[in-house]
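Residue numbers (our numbering), protein chains in the order written: chain A, 8 to 1004; chain B, 8 to 1004.
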């Protein structure tokens, strides 16, 4: 009969739109040569997801495990790809194999496809490797036609059921396979319900359904231009073709693009004997998780609908039972299912998401797959399963997505409260999810007010067009940050992540008016002091208050247990044999500028401080004026210092050199004059005065951090940013001086006294001149980093003194300290050498004064490409390297963190010009190549070189994996990401390192 | 006797200051093991400059060539280094070898050192590998004491001569060796002259000189604290030690630092038998070049002083004879010297700088070395010597310093006129020598006036604080550029070099007040319209006019001859066997933005255009407003374009896809709405209107360039700079709007009509908003380069069309064109692919419209580190790579061209933190490593990849050598540097390529 059907199919297909003609008509002689396109369920297993898709592999595995699975088979993903490549034609041999597989299904089920007396009906389901919305899902009851309908009626002795099944089939086939609009079918059904005063579908009787079937067929004929296909094999062929076609449908392609799933995976097609959950009250259908996917509790979680097919559960027409309630309603089925569910979970050693149907009391399993779950559930399930002996600790560690962990530490919106905010129209705008967590508080538009209110205990959200280092005190006093402008690595985002503050950045849907102290969004205006709420995990911004819940890390016992295992794994010998690299996996350190950050980092399990930015300390309100004074006097003071120093050298040389003796009086005179000028210079007084004021403050900072980090290494980076970041804004000064100038002009005309304005103008103009003199076209590439310490050595000296004095003080108190002093932005080995000489001299001096030896390391950031390219030289003067991956990415791409995201980077990622935002996920090919070069060549010169990373990437899982692969000693990230890194580092340690690039 | 003297020396030294004790007292037994520290002249030769210094090698070579050289020997540079290392102690064995050498000299001369009857006198001269001021020069007559003085008197029968010699010796020894102030000796001599009414030294008689000698000795005793040394060996020892010591003297160290001479070369010491040019009128001394060092004419050039020692020539006490005049005065000596000079020139095959002395009619040669010469002379001598058969063409090419060549092409100050300016106090300040050549003209402070006056034929020098692209029209209309601010690669410098305009940049000694149209310097004020003069080759700035002379390249036949040979050498198979590189040396291309530049480049021998910056065309006065309109409308217009494009795609897909058919009406409706919106958008109209206006202008530019470059390749780079460079200044707009706002406030108070001001304010505010919206924190790393073409594809399309249409037009006219289209700032291969797709589609379209096929190449700049690091991928989509070494240097160092030089780079070079300014001399270790990587890995993927360089380094000799070594096909530089590059490329081709990095 297959031959006859195939011939029929061939003929009917000639009238078709030419789709899916495949190798159907291929001569039988060549059949043996054809590839295997079709697998019986019993031929597959769970490891064949690539070929059979997730669903097919699950059905195969269940079949192998002797679970009650209806007979069926899977057409492979390769067949889909071959068909796509051939413009829709089935590949050679596929159709013949399908027909043969149908024969076997007929044999197993004892029914025959298209047999009017004992008809076989099947479902056709797509099933890619990853579950994917946007693709054709399921066609049920395929094989029904006017003849087989009779057979079903006879067999079930339920004419209404038969008509209902036929009605459903025509609708599904018409809509899903042939693309007829669903609402047109709905209109017919609704018409019938109205006509027969039926409230629900189930209220329609057999005759009413017969009428619906007839109208459905008419609709189909009108829409498609030909009769509803009566040949079951034609039905099957079209359905398979539609599944294949849906793989390249727009929604599916879009979904894959967003979720970074390659296009070349293809989808498999599963053809399964129909079982019916709608054959009466002893039938039903359900979906269930083997554990609670929200909490991770070890109990069945799901729903069951009596007398229904799967689609009814989804459609939500009737309220289903909770699966637990089935225990009472149908204990036999419940117990059987519970047993099978447990069997599957044990079989897969993983929480399963199951679909099943009960047909007249008999349970059939239709799907099993790994269940999705929340972060909380993921952690609990993983640790529970270890306790249950189901999985190993290593497996548990691999079961949790590192990025999810952050969610467990941050304040979250209460779900109900957030839903309510959405439904009451309080959603304002969507920005970048720059730093996770939720916050609610008063919108405040300037950092000073934010700080003041914060001190008063008020909850504040600082709203700025964008933030700058001068805002830091206000940021720290706030519960969250909202900016209109700036990307995922903007100042606001970086500071917020570092401080563990929720932040929505680059929210271009709001218009911030800092002067007017308000912002507008979605037609509404939010004023200073109005409540707003932000969700840094999603980027949402709301008007009004939303209740938040704060998780307590100390009580997160499951998480702490899991992270403990992760640490054990991470610090195993996972890099044994890797040349010149530590044998164990990466340590996790944290970036922390303040003692409070350091303590938090330590609480979260940090093994050191990888980056303490000393300049952030300078921005605090009471310190900034001192810093500004220092900066403005630095140029002149340094010039005078240099002059004196050079003359001193000359005098010393002349004294030692017989021949130059004659120049001595002249040189001594000049030196005296220079010393006098230096002594009397107000700039020198200001400069050294400011340095003297800053010294105890910095020392105090370091004392606090060293205390918090007792016994652990602490990397302190010397001053890095361009100095004008500490000064008032050039633009503001321009506006202020212009305004004053014009005002004075008019006031004079009016005869008013302008002396106060003129004094003010003079001061402002002086400041403007100073600020303009330090203005740079591209400050990121200007006078910053070690260039400051080289051109203004007193700053390096002061900072060194503060560090060593602090270390001495603590050693005196018996505290074990491990300072590592780091020089930023080195590009040439001589820069490092210069700073090392300066620093070692001062450190020695301080230690001599204090009578205490402090062991410290000296190292450098690797953040310019040149430092990486000449790492072999640089390593001669460094005890450690720390990759500054933000700056390194910036220079390698020639893309500024401040501008690129807004300007083009986000568009690049959207348009797939770049696979990822390189400021978020480390670019392995470019930046990574430099990092690898630095580590390998640095260790060649200096085998004990300690290598780490302290850029944003240090807390990003994929980047951490790369850091592990190139042999870094540690990754350093913001305190809140320490748990993420601990987990990601462990997962990296569990991934074998191939000899890749 | 030597033993006795040595013993004496040892004893005397014990009372000494402990210097230079060396191995003098070492046991004789160990003598044989000592290193060879001392070479007789006949033991050395001209190739031993490292060991014997320049002077020693010359004396040795002359001795070997049997020239009349007084007997003597050289103590090696190694001895100097060993002595320096030992804190002044002579190395083991050196003194013994010196004593032995003295024995041989005694034997040769038949005199004895310290012998009262027949005394040997010697000169002691320093002689490093390179001639170096600041070191001890020469002590003459060493060996004289009260006893030997008698011998000299007896031998010469000239007591006056003997006293004078002694007098000179004490003075020289006291001053040079022992550091007694020279003026103290002078005072004594002057006193004697006064006492005896002598006008000149020669007027003093024997008795007077005796008195002087006595007083000199007294002075010596008072100053040094011991008697003038009577032991000739002690004199010798002290003199040798002083030469060694002078190597590390401050002035010598400074000189080496400035001239990049390593400190570890050391100096040699030459001990030479004295001959006397002051023994009467049959004696004399002279210095001479074998050819004219100023013009290169083949005739002796120098001076001769009768009855004098060498020091008298230098002191300029009497006016010497021109050497040519010696022909008449003393034909025998002249002929003999001429013969020896010619012999030496032929021997060295190089122009020589000679010193000689005639003692009683007998000629002695005292020095020969390669003579310094001007650029003009260098070229003439090199070509003449080829014509004379003295040297090969290859040698001639190596004889000229490439950087000198630029001098031959640029206008120069007339020497007298410049000297006069200096002596009359017109020198104002010293800046950076940013672009060579001299210019004189009216100081003008704004580009518009400069352009206007330039058109009127006035000579103008544009003076700015710093220049920006908006100044270009004014710069081109000027004869020279002077800026207060900016380094060697500042905008002013780059444009000036490109245009062949003299430029003094970063002249911080002047204070420019652009508003006030004046600058102040050295206490003077220069106003708009005052004459000034600048020398871009030296960085000097003068008030007033200085006459200039303009060389004519077409008439520079010697230079053209030499460059022709250079071309032949350059394009020989000098890189045979180098993997994947062209076998011949680098071609020389030029950077040229305008047809006039292209023609000039061609005249100077360019083989192609390596960089035509299309955006420079946008800055011209009549075009800028169109460009501004385009930029301001681009964002909105592109967004609307994108929306329509996406909807069109969706509609097309829906039409093709059965299942999506139902969405079609909705999509079509949306598309119609979007098209309507786009159609009606004023931004779209402006944007496309501006593009349409720019198209024919750009096409015209390309027609001109292609015409000028007929048959030669022409690389056109698509738009590159951040767009806000084309817009008005943000700061100016801030000031203007602030001023207007305050004015309106007061005018309203006064009841005045403000409507005109308000309109103005509104316009300015609108522009301010637009400009602020495009403002970037680090524009160099922002929205520029290919990022423009990717986010605003219409610009790429317009530029492609202009290029291909221009090429078609010329092909129609039978002109052979070779366009190469270049994409800037690529960092990821996908960026290049995106632009290639866009460009190829448009090019195809234009060619179809025109019915003409144009062959063109498509390539990319390599100017981000990432492009170099992923060159293997990038090369898949590129026919050529062109290193943008400016940007690549910028990113590799993380140092902005705009800020670094001012901020720290110049200080770095001064303090030796960096060996060179990497924006001038290519950094081989960092930037060069990336370049090599790009070339090697690019050619691995694409073996026919054409590789070049178009940054500033393309015209710098050391960088060109590196480009040759890594296998670039061409270097491209500004037109005026093409001859430099032709020569440097040839020199590189003559340097064997070792397998280095």
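Where a beta carbon is used, it is the ideal one built from N, C-alpha and C, also for glycine.
Query                                                                                                                                                                                      : Result
Exposed or buried, residue 699 of chain B, counting other C-beta atoms within 10 Å across all chains shown (16 or more means buried)?                                                      : exposed
Under three-state DSSP, which class holds residue 44 of chain A?                                                                                                                           : coil
Touch check for the segment 683-697 of chain B and the segment 584-592 of chain B: three-plus C-beta pairs under 8 Å?                                                                      : no
According to DSSP, is residue 1015 of chain A helix, strand or coil?                                                                                                                       : A query on residue 1015 of chain A cannot be resolved here, the shown segment of chain A reaching from 8 to 1004 and no further.
Let me check one thing: in DSSP terms, what residues is residue 365 of chain B bridge-paired to?                                                                                           : B/291 and B/370
What's the call for residue 162 of chain A, buried or exposed, on a 16-neighbour Cβ count within 10 Å?                                                                                     : exposed
Checking 8 Å against the spacing of the C-beta atoms, do residue 484 of chain A and residue 467 of chain A come in under that value?                                                       : yes
At what residue ranges does the segment 534-589 of chain B contain a whole run of the beta strand (DSSP E), taking only runs of 3 or more?                                                 : 538-542 and 547-550
Within the same chain, show all residues whose beta-carbon is closer than 6 Å to that of residue 772 of chain B, passing over the 5 residues directly before and after it, in chain order. : 744
Considering residue 102 of chain A, what are the terminal residues of the alpha helix (DSSP H) in which it resides?                                                                        : 101-116
In the DSSP assignment, find the unbroken alpha helix (DSSP H) run with residue 87 of chain B in it and report its ends.                                                                   : 84-92
Could you check how far apart the C-beta atoms of residue 508 of chain A and residue 487 of chain A are, in whole angstroms? I think they sit under 8 Å.                                   : 6 Å
Under 8 Å between beta-carbons, which chain B residues line up against residue 803 of chain A? List them in chain order, please.                                                           : Ordered by position in chain B, no residue passes the 8 Å Cβ test against residue 803 of chain A, which lies about 14 Å from the chain.
Indicate the three-state DSSP secondary structure (helix, strand or coil) for residue 601 of chain A in the structure shown.                                                               : coil
Determine the DSSP secondary structure at residue 532 of chain B, reduced to helix, strand or coil.                                                                                        : strand
Check residue 825 of chain A in the structure and name its three-state DSSP category.                                                                                                      : strand
Under 7 Å Cβ to Cβ from residue 169 of chain B, same chain only, skipping five residues before and after it: list those, please.                                                           : 156, 159, 160 and 163
What is the rounded straight-line gap between the Cα of residue 253 of chain A and the Cα of residue 655 of chain B?                                                                       : 21 Å
Within 8 Å (strictly less), CB to CB, does residue 27 of chain A reach chain B?                                                                                                            : Below a pLDDT of 50, predicted positions are generally treated as unreliable, and residue 27 of chain A, at 40, falls in that range; the measurement from the model is reported next regardless. Not closer than 8 Å to any Cβ of chain B, the Cβ of residue 27 of chain A fails to qualify, so no.
Between which two residues does the beta strand (DSSP E) holding residue 441 of chain B run?                                                                                               : 439-442
Using Cβ-Cβ distances below 7 Å, what residues of the segment 780-797 of chain B are close to chain A?                                                                                     : 783, 784, 785, 786, 787, 788, 789, 790, 794 and 797
Measuring only the C-alpha atoms, how far is residue 263 of chain A from residue 967 of chain B?                                                                                           : 49 Å
Among residues of its own chain, excluding the 5 on either side of residue 389 of chain A, which ones have a beta-carbon nearer than 7 Å to its beta-carbon?                               : 403, 406, 407 and 569
Residue 837 of chain B lies in the beta strand (DSSP E); which residues open and close that run?                                                                                           : Run containing residue 837 of chain B: none in the beta strand (DSSP E); it sits in the alpha helix (DSSP H), 836-857.
Which first and last residues belong to the alpha helix (DSSP H) in which residue 390 of chain A is found?                                                                                 : 382-394
In chain B, which residues lie with their C-beta within 9 Å of the C-beta of residue 905 of chain A?                                                                                       : 783, 784, 785, 788 and 789
Quick one: what does DSSP say residue 948 of chain B is sitting in, helix, strand or coil?                                                                                                 : helix
For a contact defined as C-beta to C-beta under 7 Å, what are the partners of residue 173 of chain B on chain A?                                                                           : Within 7 Å Cβ-Cβ: nothing; residue 173 of chain B doesn't reach chain A, min ~22 Å.
Given that a residue counts as buried once 16 or more other Cβ atoms are within 10 Å of its Cβ, and exposed if not, what is residue 648 of chain A?                                        : buried
So what does DSSP say about residue 1 of chain A, is it helix, strand or coil?                                                                                                             : Only positions 8 to 1004 of chain A appear in this structure, which leaves residue 1 of chain A out of reach.
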